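Heads up, the thing below is written out as structure tokens.
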Amino acid sequence: MTNSNKILNPGESYAALPDKALWRKLMEGDKDALAFIYRSYFPSLFKYGMKLNPDESLVKDCIHDIFVSVWLSRERLSLTDSIKYYLLASLKRKIASQAQKAQPEQLFAQALRETAFSHSPEEALIGEQSTLELRAKLARVMEQLPPRQKEILYLRFYEGLDTKETAAIMELSVNSTYVLLSKALSYLKKNSDQLMIHILIVLQVIHF
738 MTNSNKILNP GESYAALPDK ALWRKLMEGD KDALAFIYRS YFPSLFKYGM
788 KLNPDESLVK DCIHDIFVSV WLSRERLSLT DSIKYYLLAS LKRKIASQAQ
838 KAQPEQLFAQ ALRETAFSHS PEEALIGEQS TLELRAKLAR VMEQLPPRQK
888 EILYLRFYEG LDTKETAAIM ELSVNSTYVL LSKALSYLKK NSDQLMIHIL
938 IVLQVIHF
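Numbered as in our numbering, the sequence shown ends at 945 without a single skipped number.
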């Protein structure tokens with residue numbers, strides 16, 4: 738009989754495991770699985786957290802607290818098919834609870850101005866020579882969007898969450914999520930040059 742609590746051998750890779758299997762390892766007390774999940778998802782969590790609240794120390798503390806909580810409550814956790822979704826949703830709740838006096842949407846807008854969605858997918862589509870110019874143009878156009886439309890674009894295109902996961906994090910119905918995303922994309926298309934329109938169409942085809 739195979740021991741379900743077996744820790745991976747040095748030659749085995751946590752990266753090869755599907756999310757559900759990796760999460761099960763964590764639930765069974767595998768500290769290496771926890772460390773792998775932390776290393777794998779910290780960059781995405783930190784980037785998203787900074788868009789919700791520009792306080793770097795607060796964001797890092799919230800991420801740390803989430804992983805401590807996950808480890809301490811591992812035996813009571815439920816399996817998940819998407820570790821990224823679970824962690825992003827947890828981080829949003831955690832930051833909101835730690836910054837009740839702040840206005841999350843205003844903080845999100847401020848962080849957007851400072852970061853301009855650095856290292857975003859359009860870089861691979863247009864080449865290095867025009868990346869900075871396009872990023873600046875896109876950031877200027879996106880700055881005109883309502884905060885919720887900015888957030889939905891970030892979650893869908895930059896974190897790669899599907900519609901249901903995005904809807905859950907933003908506390909929207911799936912139908913409302915489609916409507917909000919469509920409005921955001923339509924605005925960007927109307928206020929962007931031809932190159933940006935091409936990229937937005939590609940992104941829309943990929944992610945819808």
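Just so it is clear, CB atoms sit at the ideal spot from N, CA and C, and this is done for glycine as well. Here the structure is a predicted model, which is why all the values come from computation and not from measurement.
Check: residue i C-beta below 7 angstroms from any heavy atom of the ligand HEM
{"i": "MET907", "result": "Ligands in the displayed structure: none, and consequently the ligand HEM is not present."}
Cβ neighbours of residue i in the same chain (closer than 8 angstroms, five flanking residues each side left out)
{"i": "ILE889", "result": "THR903, MET907, THR914, LEU917, LEU918 and ALA921"}
{"i": "ALA905", "result": "TYR822 and ALA826"}
Where the alpha helix (DSSP H) containing residue i begins and where it ends
{"i": "ASN928", "result": "Counting along the chain, ASN928 falls outside any alpha helix (DSSP H), and DSSP gives it neither H nor E."}
{"i": "PHE773", "result": "768-789"}
{"i": "ASP798", "result": "793-809"}
{"i": "ALA904", "result": "900-907"}
{"i": "PRO755", "result": "Counting along the chain, PRO755 falls outside any alpha helix (DSSP H), and DSSP gives it neither H nor E."}
{"i": "LEU828", "result": "820-835"}
{"i": "PRO884", "result": "884-890"}
Closest by C-alpha distance to residue i, when choosing among the options
{"i": "SER781", "options": "GLY897, LYS927 and SER923", "result": "GLY897"}
{"i": "LEU776", "options": "GLN881, ARG830 and ALA752", "result": "For the record, residue 776 in the displayed sequence is Arg; it is not Leu. Among GLN881, ARG830 and ALA752, the Cα nearest to that of ARG776 is on ALA752."}
{"i": "ILE774", "options": "VAL805, ASP899 and LEU789", "result": "VAL805"}
{"i": "LYS821", "options": "LEU882, ASP769, SER923 and ASP899", "result": "ASP899"}
{"i": "PRO791", "options": "TRP808, ALA833 and VAL807", "result": "ALA833"}
{"i": "ARG811", "options": "ALA770, ASP769, LEU771 and MET764", "result": "MET764"}
{"i": "GLU880", "options": "PHE894, ASN928 and LEU892", "result": "ASN928"}
Cβ neighbours of residue i in the same chain (closer than 7 angstroms, five flanking residues each side left out)
{"i": "ILE800", "result": "PHE779, LEU782, PHE783, GLY786 and LEU828"}
{"i": "ILE803", "result": "LEU824, SER827, LEU828 and LYS831"}
{"i": "LEU816", "result": "LYS757, TRP760 and ARG761"}
Residue burial classification, residue i (beta-carbon count within 10 angstroms, cutoff 16)
{"i": "VAL911", "result": "exposed"}
{"i": "ASP767", "result": "buried"}
Assumed close pair residue i, residue j - CB separation to whole angstroms, cut-off 8 angstroms
{"i": "ASP798", "j": "LYS757", "result": "Not really, about 29 angstroms apart at Cβ, beyond 8 angstroms."}
{"i": "GLN835", "j": "LEU795", "result": "6 angstroms"}
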